[in-house]
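Student: Residue numbers (the UniProt record's numbering): 1 to 450. The structure's right below; bear with me while I get my questions together.
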């Protein structure tokens, strides 16, 4: 009987396990994870901390027992420490019993995800300083808030985790401040759009320090954090969330002869194969093909991880599957402001060698005369000369997701701006204007003479 070993028991790993089981009923499957939880939503952790999600178990997609019923063995608190491709063997440490053993495999999937970046500053070992990566981190943050009732939180970093944690810490009653090294929040959108996030944070009482850096780290009393020292001075804080970014967790790959790509993640083809036969990678530790840039990129998102996992699982089990790549679709929420992007920003398009043109439209999410119409801002980016759609960003208090999904479909199909204006989109006053804001923005950009 062939044996599949999976390193990592969350999105990519367990999607692969389930798909492999459907494809090959007789395949032996075992997944190892150094954590204490499998197959849960990391993206939901800020909302459990904030109390939006009341029960922790609702974040768990499928239990270890449920996988066992599928004859998929999940070994939690087991860390794979080394891969030996020549022997088809991995070294595993049982973290509870503090013992090591070796186990053989015929197929190996690396699904180790990503790891948070920790600034190289002092004081990060103080009680009350956290990164949010895995379920255990969320549990620790919730327990700390319950035990110590902190009043002032400092979030270092203004990406996904930083912005989502700001919303949820405010919901818990904490005075919250974001310290951001760069000159804008949420760097995957253009600066002119990101400035609208600043106003939303201010309206909800979140202080913001841009172009600032935690240069001296954290200081505390009695082993607990009390201050954050920055280039701008000292900020009182009895809770600190480090959200400066993440990097692919790939430490196991190079010693085993598994190649990394230019992004620093594991290089894979569109079947999730690495450079070694029967060695695969999927999820946040692996690269992904970008359909507009026509090259591999690194994009750590749950949607990608699950799809790559399914492809890997089917291929490993002898089936046929390919992953066609991404167009850079992403969305988040900052209090009542929805923020979405897809494709290339104006800055990214220019850096990639395109000659981009852009337009920004202030509109509403439905017919403007309807009583509950809300502001909606659309920015479209296209290529001069060809009129090819390159990307879009949408911000508003509603209706953002549907526009981003339309743009994602248009980009996947390689549509032009002209084709976007001709799409047969829905219309009724409670839902939309007779011309969707995307189509109005596309028409405006076409009139610039692309």
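All C-beta atoms in this analysis are idealised placements derived from N, C-alpha and C, irrespective of residue type, glycine included.
Rounded to whole angstroms, what's the CA-CA distance from residue 151 to residue 278? Just pull it up for me.
Tutor: Going by the C-alpha atoms only, they are around 52 Å apart.
Student: Which same chain residues, not among the five before or five after residue 367, have their C-beta less than 6 Å away from its C-beta?
Tutor: Taken in chain order, the residues that qualify are 429 and 433.
Student: So, at 8 Å on beta carbons, what are the nonlocal neighbours of residue 82 in its own chain, with the 5 sequence-adjacent residues on each side left out?
Tutor: The residues are 90, 91, 252, 255 and 256.
Student: Distance, Cα to Cα, residue 233 vs residue 263?
Tutor: Looking at the two C-alpha atoms, the distance is approximately 35 Å.
Student: Taking only runs of the alpha helix (DSSP H) that begin and end inside the region 30-56, which ones reach a length of at least 4 residues, in chain order?
Tutor: Correct list: 45-49.
Student: Since residue 395 and residue 193 are thought to touch, with beta carbons under 8 Å apart, how far apart are those beta carbons, to the nearest angstrom?
Tutor: Their Cβ separation, rounded to whole angstroms, is 6 Å, which keeps residue 395 and residue 193 in contact under 8 Å.
Student: Would you tell me roughly how many angstroms separate the C-alpha atoms of residue 75 and residue 28, rounded to the nearest one?
Tutor: Using only the alpha carbons, I get a separation of about 14 Å.
Student: Report yes or no: do three or more beta-carbon pairs, one from the region 11-21 and one from the region 125-134, lie closer than 8 Å?
Tutor: In short, these stretches do not touch, since the Cβ pair count stays below three.
Student: Can you name the start and end residues of the alpha helix (DSSP H) that residue 287 belongs to?
Tutor: Unbroken run through residue 287: none, as it is neither H nor E.
Student: Return the CA-CA distance between residue 79 and residue 437, expressed in angstroms with no decimal places.
Tutor: Computed Cα separation, rounded: 50 Å.
Student: In or out: residue 37 buried (at least 16 other Cβ within 10 Å) or exposed?
Tutor: Residue 37 is buried by the Cβ-count criterion.
Student: When the Cα atoms are used, what is the spatial distance from residue 241 to residue 224?
Tutor: Approximately 14 Å between the Cα atoms of the pair.
Student: Out of 208, 246 and 249, point me to the one whose CA is closest to residue 230's CA.
Tutor: Looking at the Cα atoms, 208 is the closest of the given residues.
Student: Using a Cβ-Cβ cutoff of less than 6 Å, which residues in the same chain neighbour residue 334 once the five nearest sequence positions on both sides are dropped?
Tutor: Counting only Cβ-Cβ distances below 6 Å, and skipping sequence neighbours, we find 163, 197 and 200.
Student: Among the residues of its own chain, which have a CB less than 7 Å from the CB of residue 304, if the five just before and after it don't count?
Tutor: Closer than 7 Å at the Cβ level, and outside the excluded window around residue 304, lie 288 and 326.
Student: Whole angstroms is fine: what's the gap from residue 96's alpha carbon to residue 111's?
Tutor: Cα to Cα, the separation comes out at about 22 Å.
Student: So, helix, strand or coil for residue 381, using DSSP?
Tutor: Three-state DSSP puts residue 381 in a strand.
Student: For residue 405, which three-state DSSP category applies?
Tutor: Correct three-state label for residue 405: helix.
Student: Please work out which residues of its chain come closer than 8 Å, Cβ to Cβ, to residue 52, disregarding the five sequence neighbours upstream and downstream, and give them in chain order.
Tutor: Contacts found: 168 and 171.
Student: Under 7 Å Cβ to Cβ from residue 142, same chain only, skipping five residues before and after it: list those, please.
Tutor: For residue 142, where only same-chain residues beyond five positions count, the Cβ hits under 7 Å are 49.
Student: Taking Cβ positions, are residue 236 and residue 243 nearer each other than 8 Å?
Tutor: Going by C-beta atoms, residue 236 is not nearer than 8 Å to residue 243.
Student: Just to confirm before moving on: does the CB-CB distance between residue 362 and residue 342 stay below 8 Å?
Tutor: No; because the gap between Cβ atoms is not below 8 Å, this pair is not in contact.
Student: Only counting runs of 3 or more residues, tell me where the beta strand (DSSP E) segments fall wholly within the region 280-335, in order along the chain.
Tutor: Qualifying beta strand (DSSP E) stretches, in chain order: 288-290, 295-297 and 330-334.
Student: In the region 134-189, which residue ranges form an unbroken alpha helix (DSSP H) of at least 4 residues, counting only runs that do not cross its ends?
Tutor: Segments of the alpha helix (DSSP H) lying fully in the region 134-189: 135-148 and 160-171.
Student: May I ask you to report which of helix, strand or coil DSSP gives residue 359?
Tutor: Strand, per DSSP.
Student: Please report the residue range of the alpha helix (DSSP H) in which residue 200 lies.
Tutor: Element bounds for residue 200: 191-203.
Student: Could you give the distance in angstroms between the alpha-carbon of residue 122 and the alpha-carbon of residue 180?
Tutor: If you take the alpha carbons of residue 122 and residue 180, they lie about 18 Å apart.
Student: Would residue 448 pass as a contact of residue 349 if the rule is Cβ separation under 8 Å?
Tutor: No, these two residues do not count as a Cβ contact at 8 Å.
Student: So residue 228 and residue 166 are supposed to be a Cβ contact under 8 Å. How far apart are they, rounded?
Tutor: Actually they do not touch by this definition, with Cβ atoms about 15 Å apart.
Student: Would you identify the three-state DSSP class for residue 416, choosing helix, strand or coil?
Tutor: Of the three classes helix, strand and coil, the one that applies to residue 416 here is strand, per DSSP.
Student: For the 8 Å Cβ check, are there 3 or more pairs between the region 267-274 and the region 96-105?
Tutor: Segments in contact, no.
Student: Which first and last residues belong to the alpha helix (DSSP H) in which residue 437 is found?
Tutor: That run of the alpha helix (DSSP H) goes 437-446.
Student: Below 8 Å between beta carbons: does that hold for residue 317 and residue 24?
Tutor: Yes, the Cβ-Cβ distance between residue 317 and residue 24 is below 8 Å.
Student: Throw me the rounded Cβ distance for the residue 299 and residue 286 pair, which I believe falls under 8 Å.
Tutor: Not a contact, Cβ separation roughly 10 Å.
Student: Would you mind working out which of 347, 413, 373 and 261 sits nearest residue 381, comparing C-alpha positions?
Tutor: If we check each option's Cα against that of residue 381, 347 comes out closest.
Student: Please report the distance separating the alpha-carbon of residue 446 from that of residue 392.
Tutor: Roughly 15 Å between the two C-alpha positions.
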